[in-house]
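Residue numbers for the sequence shown follow UniProt numbering, so the first one is 1 and each next one is one higher. Notes follow the structure.
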Amino acid sequence: MSTIVSAPGKVLAAGGYLVLDQQYPGVVISTSSRFYTVIQASLGSANQIVVRSPQFNQAEWRYTVTYNAAGIQVNPQEDSIGGKNKFVHLALQHTLNLVSEIHSVARVQERLFNGLDIAAVGDNDFYSQRAQLESLGLPRTTESLSRITPFCHNGVKLTDVHKTGMGSSAALITSLVSALLLHFSAITETDFANLEGDGRRLAHNAAQFVHCLAQGKVGSGFDVSSAVFGSQIYRRFGPAVLDPLMKGEFAAGTLKSVLNSSAWDYSFRPIQLPPLTRLVLADVEAGSDTPSLVGKVLKWRGHEDSCETAKDLWTQIDESNQSLARQLDALSQSYVQNKYVYEETIRQLASLPAQEWESISKAFYDLHQTTQRIRNLMRRMGDLAGVEIEPEQQTHLLDKSIQQAGVVGGGVPGAGGYDAIWLLICSPPGLSDEQQPLRQVESVWSTFDESNVTPLLAQESVAKGARVVQLDEIPGLKEAIQRQ
Ligand SMILES: Nc1ncnc2c1ncn2[C@@H]1O[C@H](COP(=O)(O)OP(=O)(O)OP(=O)(O)O)[C@@H](O)[C@H]1O
Ligand SMILES: C[C@@](O)(CCOP(=O)(O)O)CC(=O)O
């Protein structure tokens with residue numbers, strides 16, 4: 001019997017920094033690029049778990065499971081060629097204990113009778129494909145990216161890979177924890193498939209906990225929430241719910257009671273991008289250290305000299321973020337009300353830059369203005385806090401991109417910095433490939449001379465968050481997990 005769960009990556013389009021505070025929601029889009037965990041019964045030894053990541057060199061982690069009065073211990077084997085993997089180790093340790101608290105230790109022992117083989121792979125978008133495109137002599141376009149083998153081997157060790165900021169660890173932990181809960185029948189597939197199901201909530205709470213523990217801190221959790229529930233308006237949970245577990249209190253029954261507790265007060269409201277538009281992401285060749293950006297912004301916000309200004313600015317940013325959410329909803333509704341008119345409008349917008357849209361569609365023009373206002377306010381916050389939230393080079397790239405016909409707006413995702421940009425562009429049916437706004441955007445990116453910009457393939461995920469899949473459903477997955 002095998003169990004496969006996929007979980008999407010994320011783009012925090014609005015709400016970076018603010019979403020760390022429960023007062024402010026964030027707008028998060030989950031992506032079509034996903035992480036997959038494939039659990040298969042192995043023919044190995046009892047209580048042995050092998051986790052493999054066939055996209056990397058030396059990426060195999062072996063664990064032995066033992067049982068004692070304190071619960072289940074998942075012990076990394078010294079001979080693991082992958083060295084340490086805290087994220088994977090903690091996911092196994094705590095999910096197996098959660099299963100034993102829900103069922104029994106015997107349930108875990110029984111299902112580990114022949115050991116387990118677990119493969120974890122992520123869509124190519126999670127890792128920069130720039131080097132791969134260069135070695136294949138291909139231009140940096142989405143068309144070229146679609147020619148790269150799915151789940152391709154990155155040619156390096158996991159520790160040396162260049163990530164794209166799409167939330168690989170949150171998607172991995174969500175898919176791994178959910179797959180384990182399902183494989184050990186701690187939750188049912190039907191309940192997991194239901195967005196409001198208790199099983200899906202338990203998977204979320206458990207993945208949040210493991211991710212926080214592995215990261216050594218309780219962050220906002222928007223990445224895990226969108227990996228579980230899909231695109232949404234996210235409001236974080238109060239971190240106190242995790243206090244006992246973060247302090248290492250694992251007395252019998254604690255995991256189950258904390259992770260099932262009604263004290264989890266996060267909220268998510270599913271959203272979607274307007275029909276016939278598409279999300280486009282670019283991987284920019286330069287990096288930023290998110291924790292250090294966050295540290296500086298929070299210091300500025302807390303400082304007595306700047307806290308009043310910060311409060312005013314955050315109120316303004318929040319108002320704009322909430323307008324963005326309302327405008328997205330309204331556009332989806334207007335599509336439902338009159339598909340024909342909506343489609344015609346998108347076709348017209350696709351041939352003009354957004355500054356010229358007001359007379360054609362006030363709703364799309366307002367959406368454009370809102371995204372620009374959010375950028376301005378975030379830039380102002382960066383200036384005041386002394387943090388490069390939208391560095392000048394990114395401003396140039398975004399301005400050039402947003403001036404193109406058919407581009408609604410965009411920004412720097414999440415904490416911002418040099419890593420990436422996102423855009424929302426019109427994508428009307430019936431236009432030739434050459435006429436699509438995406439082509440023009442790609443051409444701007446390929447000639448941009450201040451940084452090396454590579455598109456990603458990801459669009460918005462149509463499936464809502466984590467889901468169970470079958471091996472044959474996903475092109476290239478079977479081949480990837482069989483790779484040695
Ligand atoms: N394919 C994989 N196989 C096994 N473990 C992985 C894999 N990808 C990520 N991990 C785990 O996640 C950790 C990376 O977490 P980190 O928090 O640095 O990434 P991230 O911030 O989510 O990255 P990004 O948002 O840029 O994708 C790795 O050290 C490893 O433990
Ligand atoms: C700055 C912050 O609000 C967002 C970070 O997002 P990203 O990892 O840059 O996509 C931090 C957080 O929410 O955990």
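Positions of the beta carbon are idealized from the N, C-alpha and C atoms, including for glycine. Since this is a predicted model, take the numbers as computed values, not measurements.
**Request:** Report the three-state DSSP secondary structure of residue 197 (helix, strand or coil).
**Result:** In the sequence shown, residue 197 corresponds to position 197, counting from 1. If DSSP states are grouped into helix, strand and coil, residue 197 belongs with coil.
**Request:** Give the secondary structure of residue 152 by DSSP, where H, G and I count as helix, E and B as strand, and everything else as coil.
**Result:** Here residue 152 corresponds to residue number 152 of the sequence shown, with the count starting at 1. Of the three classes helix, strand and coil, the one that applies to residue 152 here is coil, per DSSP.
**Within 9 Å, strictly: CB atoms of residue 120 and residue 188** = Here residue 120 is taken as the residue at index 120 of the sequence shown, counted from 1. Here residue 188 is taken as the residue at index 188 of the sequence shown, counted from 1. Result no, Cβ atoms of residue 120 and residue 188 do not sit closer than 9 Å.
**Item:** Three-state class that DSSP yields for residue 217 in the structure shown
**Value:** Along the sequence shown, read from residue 1 onward, the residue named residue 217 stands at position 217. If DSSP states are grouped into helix, strand and coil, residue 217 belongs with coil.
**Asked** Excluding five sequence neighbours on each side, which residues of the same chain lie with their C-beta closer than 7 Å to the C-beta of residue 82?
**Response** Along the sequence shown, read from residue 1 onward, the residue named residue 82 stands at position 82. Cβ within range, chain order: 58, 59, 60, 61.
**Request:** Assign residue 289 to buried or exposed, taking buried as 16 or more other Cβ atoms, counted over all protein chains shown, within 10 Å of its Cβ.
**Result:** Numbered from its first residue, the sequence shown carries residue 289 at position 289. Counting Cβ neighbours within 10 Å, residue 289 comes out exposed, since fewer than 16 surround it.
**Item:** Backbone CA spacing between residue 246 and residue 129 [nearest angstrom]
**Value:** As a position in the sequence shown, residue 246 is number 246, starting the count at 1. As a position in the sequence shown, residue 129 is number 129, starting the count at 1. In a straight line, the C-alpha of residue 246 is about 36 Å away from that of residue 129.
**Item:** Whole-angstrom C-beta distance between residue 393 and residue 450, which should lie under 8 Å
**Value:** Here residue 450 refers to the residue found at position 450 when the sequence shown is read from its first residue. Here residue 393 refers to the residue found at position 393 when the sequence shown is read from its first residue. The pair is a contact, with the Cβ atoms about 5 Å apart (cut-off 8 Å).
**Item:** Nearest-angstrom beta carbon gap, residue 203 and residue 228 [assumed within contact, 8 Å]
**Value:** On the sequence shown, position 228 is the one that residue 228 refers to. On the sequence shown, position 203 is the one that residue 203 refers to. With a Cβ gap of about 6 Å, residue 228 and residue 203 count as contacting.
**Request:** State the start and end residues of the unbroken beta strand (DSSP E) segment that holds residue 399.
**Result:** Mapped onto the sequence shown, residue 399 falls at position 399. That residue, residue 399, is in no beta strand (DSSP E); its alpha helix (DSSP H) goes 392-402.
**Message:** Given a cut-off of 9 Å on the beta-carbon distance, is the pair residue 111 and residue 184 in contact?
**Reply:** Residue mapping note: residue 111 aligns to position 111 of the sequence shown, counting from 1. Residue mapping note: residue 184 aligns to position 184 of the sequence shown, counting from 1. For residue 111 and residue 184, yes; Cβs fall inside 9 Å.
**Request:** For residue 174, I'd like the list of residues in its chain whose CB is within less than 7 Å of its CB, leaving aside the five on either flank, ordered along the chain.
**Result:** One-based indexing of the sequence shown puts residue 174 at position 174. Answer for residue 174: 7, 207, 224, 227, 228, 466, listed in chain order.
**Message:** Judging by CA-CA distance, which residue of 10, 23, 4, 11 is the nearest neighbour of residue 319?
**Reply:** Residue mapping note: residue 319 aligns to position 319 of the sequence shown, counting from 1. The residue with the shortest Cα to Cα distance from residue 319 is 23.
**Asked** Cβ of residue 395 versus every heavy atom of ligand 2: is any distance shorter than 8 Å?
**Response** By one-based count along the sequence shown, residue 395 stands at place 395. Because no heavy atom of ligand 2 lies under 8 Å away, the Cβ of residue 395 does not count as near it: no.
**Prompt:** What does residue 250 pair with, by DSSP beta-bridge criteria?
**Reply:** Within the sequence shown, the letter at position 250 stands for residue 250. For residue 250, which the question treats as bridged, DSSP gives no partner whatsoever.
**Item:** Assigned secondary structure, residue 36 (DSSP; H/G/I helix, E/B strand, else coil)
**Value:** Counting from one through the sequence shown, the residue named residue 36 turns up at place 36. If DSSP states are grouped into helix, strand and coil, residue 36 belongs with the strands.
**Prompt:** To which residues of the same chain is residue 85 closer than 6 Å at the C-beta, ignoring the five residues directly before and after it?
**Reply:** Start at 1 with the first residue of the sequence shown, and residue 85 comes out as number 85. Here the set comprises 61.
**Asked** residue 222: beta carbon under 8 Å from a heavy atom of ligand 2?
**Response** Residue 222 sits at position 222 when you count from the first residue of the sequence shown. Indeed, a heavy atom of ligand 2 lies less than 8 Å from the Cβ.
**Asked** What do you reckon, is the C-beta of residue 137 under 8 Å from a heavy atom of ligand 1?
**Response** By 1-based counting over the sequence shown, the position of residue 137 is 137. Checking the Cβ of residue 137 against ligand 1 gives no.
**Message:** Quick check on residue 329: does DSSP put it in helix, strand or coil?
**Reply:** In the sequence shown, the residue the question calls residue 329 occupies position 329. Here residue 329 sits in helix by DSSP.
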